[in-house]
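Student: Once you've had a glance at the structure underneath, I'll fire off some questions.
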Amino acid sequence: GGGSSESFVVAGNSMMAFSSGSSSSEDVNYHQLDRIVVQVENSEMLNESTKILQRMLQRKHLGVEDFEITVPELLLKQEQRTKDVFNIVLGAIAGISLLVGGIGIMNIMLASVMERIREIGVRRSVGANKRDIIFQFLAEATLISISGGLFGILLGVIMAKIITESTEILTIVSAWSIVLSFGVAATVGIVFGYLPARKAAQQDPVTSLRHD
């Protein structure tokens with residue numbers, strides 16, 4: 009109605025602004041408030057903020073349930089769907105990047121095998137077996153992959169900090185995600201480095217020693 013008032017609250021900032029038609033905030037009769045609009049800074053705070061408001065209003069109204077708290081579930085669902093799509097897109101980009109990076113490592117190691125055939129022959133002639141050769145090239149491929157992974161982790165941490173400082177989007181880089189990234193980088197090196205390592209181990213020692 010014409011005499012109703014509204015309260016707008018930003019949760020977490022301890023800020024409150026009251027308005028009632030054309031009247032200033034000093035002229036508002038707070039007992040005439042019929043609606044309070046609360047906005048949380050982060051949707052993850054919604055459930056906790058709702059419970060806090062519930063307790064505050066119950067205490068203020070002496071336990072009488074003469075109020076109703078309405079949560080915009082449709083908007084929250086839309087926000088969650090947007091987050092899900094965003095995560096899927098980022099996951100697809102990350103998967104493609106890992107595939108391209110793995111293929112790049114495999115090509116590098118295949119070229120390395122062709123350039124080091126004589127070295128492989130020398131190692132085989134002094135007692136190294138196929139398993140030793142496989143381990144050597146797998147270790148090199150894994151080292152390359154881990155080095156790239158560490159650089160990517162460092163770049164990701166820096167970019168997350170820049171995004172947080174330049175926008176209002178909260179980005180969190182957890183220790184678990186760093187460990188996972190490190191493990192994925194090592195796995196990529198092992199998986200894509202196995203074929204070149206196996207090819208190196210299958211080189212004939214005599215033929216390899218004759219290779220220029």
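Using this note's numbering, the first residue of the sequence shown is number 9, and each one after it goes up by one. The C-beta atom is built at its ideal place from N, Cα and C for all residues, glycine as well.
Buried or exposed: where does G129 fall if 16 or more other Cβ atoms within 10 Å of its Cβ makes it buried?
Tutor: buried
Student: My understanding is that I141 touches R131, with C-beta atoms under 8 Å, so please give their C-beta distance in whole angstroms.
Tutor: 7 Å
Student: Cutting at 8 Å between CB atoms, please list the residues of its own chain near I161, excluding the five before and the five after it.
Tutor: I186, S189 and F190
Student: Starting from N137, trace the alpha helix (DSSP H) both ways and give me its first and last residue.
Tutor: First-last for N137: undefined, no H or E at that position.
Student: Alpha carbon to alpha carbon, what distance is there between L98 and M117?
Tutor: 28 Å
Student: In this structure, how does DSSP classify T179 when only helix, strand and coil are distinguished?
Tutor: coil
Student: Output yes or no for whether 8 Å exceeds the beta carbon distance between A194 and F145.
Tutor: Going by C-beta atoms, A194 is not nearer than 8 Å to F145.
Student: Have a look at S31 and D42 and give me their C-alpha separation to the nearest angstrom.
Tutor: Its pLDDT being 45, under 50, S31 is placed unreliably by the model, and the measurement read from it follows with that caveat. Taking the straight line joining both Cα atoms gives about 16 Å.
Student: Could you give the uninterrupted runs of the alpha helix (DSSP H) lying entirely in the stretch 140 to 204, keeping only those of 4 residues or more?
Tutor: Taking only runs of at least 4 residues, no alpha helix (DSSP H) segment lies wholly in the stretch 140 to 204.
Student: Where does G201 land, buried or exposed, given buried means 16+ other C-beta within 10 angstroms?
Tutor: buried
Student: Are the CB atoms of V72 and L54 nearer to each other than 8 Å?
Tutor: no
Student: The alpha helix (DSSP H) with M64 in it runs from where to where?
Tutor: L54 to K68
Student: Roughly how many angstroms lie between the CA atoms of E14 and I44, to the nearest whole one?
Tutor: Confidence is the limiting factor: at E14 the pLDDT is only 44, short of 50, which leaves the residue's position unreliable, though a coordinate-based value still follows. Each residue's Cα considered, the two are about 6 Å apart.
Student: Looking only at its own chain, which residues have a Cβ that is under 8 Å from the Cβ of E148, when we skip the five neighbours before and after it?
Tutor: Within the same chain, M117, S120 and G201 come within 8 Å of E148 by CB-CB distance, once the 5 residues on both sides are set aside.
Student: Compute the Euclidean distance between the alpha carbons of R218 and D212, then round it to the nearest angstrom.
Tutor: 10 Å
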